[in-house]
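Chemist: This is the structure, below, for whatever I ask next.
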Amino acid sequence: MNYLALSIIAPLVTAGFILLVGKRVSASVIPILAIMAVFLSLFSSIILLLNSASGLIQEIILTGLPNYPLKLIASPLTSILLTMVTLISALVMVYANGYMQQEKHKTRFFAIMLLFITAMQTLVVAGDWILLLSAWELIGLSSYLLIGFWFQKKHVKAAATRAFLVTRTADLGLYLAIFMLIASSGSSDIQVSLNDNSTTSTLAGILLLIAAMGKSAQTPMHDWLQRAMAGPTPVSALLHSATLVAAGAILLIRVAPLLSTDALFVIGLVGGITTVVTGMIALGENDLKRLLAASTSSQYGLMFLAIGAGYPIAALLHLLAHAAIKSSLFMAAGVFQHSRKDTKFSALIGVGRDKPLVFIGFVVSALALSGIPPLSGFFSKDAIITATLTSNHMWIFLPLALLGTLLTGAYMAKAVKLLWSGSAHSIAVHGSKSMSIGFITLVIFAAILGFTFKWVENVLAQPLELDFYAMSLGLISALSGILLGWYISDKKILGVMIKPARTGFAIAGGIDKWIVRPTLVIANICDTLEKYLYRLALNIGKMTVKIAHDKVYGILENYLYQLALGVGKIAVKIAQLSKSTDNQWIDKFIYFMVRMFIKFSHYARAIQSGLIHRELALSAIITGGIVVTLFIMIAFY
Amino acid sequence: MIISAQLIFITFFGLAAVWFGIVVFRTYSMVRSAIALLFSQTALGALFLTLQAEFLGVLQIMMMATEMSVMAIFMVMFMMDPGGLGKMDMTHQKRLSIIAGIVTFIAAVAVAVYIDWGPITTVNDAPTIQIKALGIELLGRSMLVFETAGITILTAMIAAIAVAIQPKGNINNNHKEPK
Amino acid sequence: MGIELIMSLIFAAALLGVGIYGALSQTNLVMIMMGIELILAAALLNMVAFWKYLHPDNPAGQMYVLIVMTVMALEMAVGFALAIARFRSRGSVEMEEAVELKE
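Protein chains in written order, with the working numbering: chain A, 5 to 641; chain U, 11 to 189; chain P, 108 to 210.
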């Protein structure tokens, strides 16, 4: 039984199935199908883990590009991660069944979630760069679809677009790095690339760091994660705490042998700065989910710090612990959101008293995150601090790590305090049973995971001894942070940094101005151009259809008709012209002549006066005239 | 130019005829104008005699004398002022008529003077022979003309009587007083 | 020897002129007829002069004169008959009053 294939195929097939039959089955069946699929994956991944722990490594090789086959590999590292992914996914699916009970578009939601789970699993077990790249892109796409799930609401579309754009920009680094690695090693196999020498390593490492920064929401690309809280809470619980943002850290953990010391230093520096900056942001936040998002960035900063210190195992441990912790915190936040219809602290004041059970789980996870023993967070935090202590750049990394730990305690204490204080009033929450089951299970995991770390270290053959010095340092900073957060308000702690913290430490407009806006403008232009071209093509098509419509005969007939019409028009014009000439010239002339005749006849009549003497005179004159005329004629002829 | 007796007589009688002709229209008295016309025609007849057209001359004188006396009676009958004592100017379109007369006179004189009439026959037969020739001509070759003339005279007489005769029954009723 | 002829003709022309003047200027019918008399007399004189000086051996000249004389007489006769008729119907023979044909 190929458990690797089963683990990956199960969610994918179920997603397709849900999309096909989604309309025809009742709405409550769909989540059940999804849960079943993911549990199947979980089951397969546990088997894979046990197998790989005992040395049985499973591989799947598919034909990809020529010379670059696609490979899936279940090594100890990848199977640990696979198990983590499927475990969190399964529990979140259970939670989502309850959270999305009132949702109308369950088909779409669960289908995309399943798609995401498939892609994430592919990412963690990818054996070659091309498959890793494809899976990387797929989880980005799923994140976009899921964050923008409620796209009818305001700002949701913008948040999803922003998240997509920022991570996509960072992915350039991954593309370039992969090209470099494949070109230098000649093969797309990850293991082969890792065994390569490190002449290209620094640059590749920086490029990979950029990609990881985008996905894991490190400074300066941390803003999208906070805005991504516009999506449903199961999405936040799964993607934005344990899996998608983990992809960056996973990438760096896997290529850790490849990274040069300079690259490691940069990575650690980025992680340290992120921890502090996003920790301050979290402390200044007014919204619970946004606080948790900033906290996620901060914790991943600690992981980068660990990697930079040269101990990827510490990062891995913290990744596992953080996955459980943050997921459970988000689940609790979701319950609170359902009960108060908002996630702002102003609305959530005192919700802890309404839901005491959930609140207790929240407190446990909060303590775990802060690093209080014996919860899992303590062990992982300690590992990180130990790593920084023993690193080459201790004097830079250690303070940053300790400051991060302090801030963690502070904002967690603040959140707990705000949730507790105040009066109790709420409405009934639907689906609280499923939500509670998922939540409680995860809290338990958050609590006890620490004890499995020794086994993990053994499996991966990377032991990490916990230093007592580190332990105490960590504990002191954690406790002081908690006390600080509980008793002193966030404004006083941050002091002058409160305003930049509230606005997310945007420098010169941040990513927004430099990347997101220009990209959107270019996209708009392309859209307009495409619309124009489409209209142009449509018009050409219409014209062609019209021409084709008139058959040859039709055109000829048209011409003949036009010709006849033209001739007729000319004839009419000529007739009009002759009529007008008639009217204007000939008739006028004739009338004129008639009038002249009448006038002359008047004159002529005047000659005939009827008077005898006049008649006599007339006859005398006329006779004289005739004689003269005769005379002249005879004389000259 | 040889002043012959004929020329003198022609001049004398011609002037007389013209003078009396003018008098006809210049006098106020109707009777006198009739008498003047008589003398004018008589002078003309005398002129014919000088031109050795004896028959014609005599005829003219006889005819005109009778005619003029009849005319005198008619004038007295019809004229408003037969005696001419009222001295009324009985003319109209004077200017036109004077011009017409003068123009005609000048035209005729021009014709008479400037046309070459051909050779003038100087020697001719005695008048008796001419009259005999006329008689023979009249009753010979021109018999038709003579007869026609007679018929014409008859016709004219009848026409004149017919026009002048009074319709029956209108003698007393239709008599209008002369103005 | 054409002087006699020409003189005769001149006198005839004078008579013609006087006759035309009279015919056109007189108001009375009788006077108009006198003018016409003079015109005809002028014509007669012309004819006689031509006969005498150009064709004396041809009696046709005199014939012609006879004819014209006859016509002259006849015309007088008819004219006076008209005058009588006119006088009887209108009471005068003034041509100025003969305006019945005038519109």
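The beta-carbon is built from N, C-alpha and C at its ideal position, and this holds for glycine as well. Being a predicted model, the structure only gives us computed values, none of them experimental.
Less than 6 Å between C-beta atoms, sequence neighbours within five positions excluded: which residues of the same chain meet that for A/W154?
Modeler: V160
Chemist: Apply the 10 Å Cβ neighbour rule to U/R36 and answer buried if 16 or more other Cβ atoms are within range, or exposed otherwise.
Modeler: exposed
Chemist: Which bits of chain P does A/I616 rub up against, with CB to CB less than 7 Å?
Modeler: M202 and A205
Chemist: Taking all protein chains shown into account, do 16 or more other C-beta atoms lie within 10 angstroms of the C-beta of A/F528, making it buried, or fewer, making it exposed?
Modeler: First, the amino acid is wrong: residue 528 of chain A is Asn here, not Phe. Under this definition A/N528 is an exposed residue.
Chemist: The beta strand (DSSP E) that contains A/G3, what's its start and end?
Modeler: The question about residue 3 of chain A has no answer here: the residues shown for chain A are numbered 5 through 641.
Chemist: Name the residue from U/V33, U/M72 and U/L61 whose alpha carbon lies nearest to the alpha carbon of U/T52.
Modeler: U/M72
Chemist: Comparing C-alpha positions only, which one of A/T394, A/I389 and A/N396 sits nearest to A/L407?
Modeler: A/I389
Chemist: Return helix, strand or coil for A/A310, following the three-state DSSP convention.
Modeler: helix
Chemist: Per DSSP, A/A78 is paired with what?
Modeler: A/Q62
Chemist: Which same chain residues, not among the five before or five after A/L468, have their C-beta less than 7 Å away from its C-beta?
Modeler: Y315, I317, A318, A387, T390 and E461
Chemist: Looking at C-beta atoms only, is the number of pairs between the segment 193 to 204 of chain P and the segment 134 to 143 of chain P that lie closer than 8 Å three or more?
Modeler: yes
Chemist: Output needed for A/A405: all residues of its chain with C-beta closer than 8 Å, excluding positions within five of it in sequence on either side, in chain order.
Modeler: G276, T279, L306, L309, I388, I389 and T392
Chemist: Less than 8 Å between the C-beta atoms of A/S146 and A/F114, yes or no?
Modeler: no
Chemist: Can a CB atom of chain U be found closer than 8 Å to the CB of P/K159?
Modeler: yes
Chemist: Going by DSSP in three states, A/Q156 sits in which element: helix, strand or coil?
Modeler: Here DSSP, grouped into helix, strand and coil, assigns A/Q156 to coil.
Chemist: Given a cut-off of 8 Å on the beta-carbon distance, is the pair P/A192 and U/V28 in contact?
Modeler: Judged by beta-carbon spacing, U/V28 lies beyond the 8 Å limit of P/A192, meaning their Cβ atoms are not closer than that value.
Chemist: What residue from A/F601, A/A541 and A/A313 has the CA that sits closest to A/I400's CA?
Modeler: A/A313
Chemist: Just to confirm, are P/P163 and U/T131 a CB contact at a threshold of 8 Å?
Modeler: When the beta-carbon positions are compared, P/P163 and U/T131 come within less than 8 Å of each other.
Chemist: Measure the Cβ-Cβ separation of A/T347 and A/A337 and say whether it is below 8 Å.
Modeler: yes
Chemist: Answer yes or no: does any C-beta atom of chain U fall closer than 8 Å to that of A/G628?
Modeler: yes
Chemist: Which bits of chain U does A/A621 rub up against, with CB to CB less than 8 Å?
Modeler: Q103, L106, S107 and A110
Chemist: Expressed to the nearest angstrom, what Euclidean distance is found between the alpha-carbon atoms of A/F168 and A/S350?
Modeler: 30 Å
Chemist: Check the C-beta distance from A/M665 over to A/Y103 and give it rounded, since I have them as a contact under 8 Å.
Modeler: For residue 665 of chain A there is no data in the structure shown, the boundaries of chain A being 5 and 641.
Chemist: Just tell me which of A/A298, A/A474 and A/D358 has its CA closest to the CA of A/M225.
Modeler: Minimum Cα distance to A/M225 is reached at A/A298.
Chemist: Looking only at DSSP bridge pairs, what is U/T101 linked to?
Modeler: P/Q133
Chemist: Verify the CB distance criterion: does U/T85 have a CB-CB separation below 8 Å to chain P?
Modeler: The question names Thr, yet the displayed sequence has Met at residue 85 of chain U. Chain P contact via Cβ: present.
Chemist: In this structure, how does DSSP classify A/D132 when only helix, strand and coil are distinguished?
Modeler: Here A/D132 sits in strand by DSSP.
Chemist: Near A/G251, which residues of its chain fall below 7 Å by C-beta distance, leaving aside the five closest residues on each side in sequence?
Modeler: Contrary to the premise, residue 251 of chain A reads as Ala rather than Gly in this sequence. Cβ within range, chain order: L127, W140, I143 and K219.
Chemist: Would U/L164 count as contacting chain P if we go by Cβ distances under 8 Å?
Modeler: Under the Cβ distance rule, U/L164 does not count among the residues neighbouring chain P, no pair being separated by less than 8 Å.
Chemist: If I'm right that P/Q169 touches U/A63 with Cβ under 8 Å, what's the distance once you round it to whole angstroms?
Modeler: 6 Å
Chemist: Buried or exposed for U/S79, going by 16 or more other Cβ atoms inside 10 Å?
Modeler: exposed
Chemist: By DSSP, does A/K348 sit in helix, in strand, or in coil?
Modeler: strand
Chemist: What residue range is occupied by the uninterrupted alpha helix (DSSP H) comprising U/D126?
Modeler: No alpha helix (DSSP H) holds U/D126; DSSP gives it neither H nor E.
Chemist: Which class does A/Y72 belong to by DSSP, given the choice of helix, strand or coil?
Modeler: strand
Chemist: Check A/D358 in the structure and name its three-state DSSP category.
Modeler: helix
Chemist: Kindly indicate the opening and closing residues of the alpha helix (DSSP H) around U/A82.
Modeler: Counting along the chain, the alpha helix (DSSP H) containing U/A82 begins and ends at E64 to F88.
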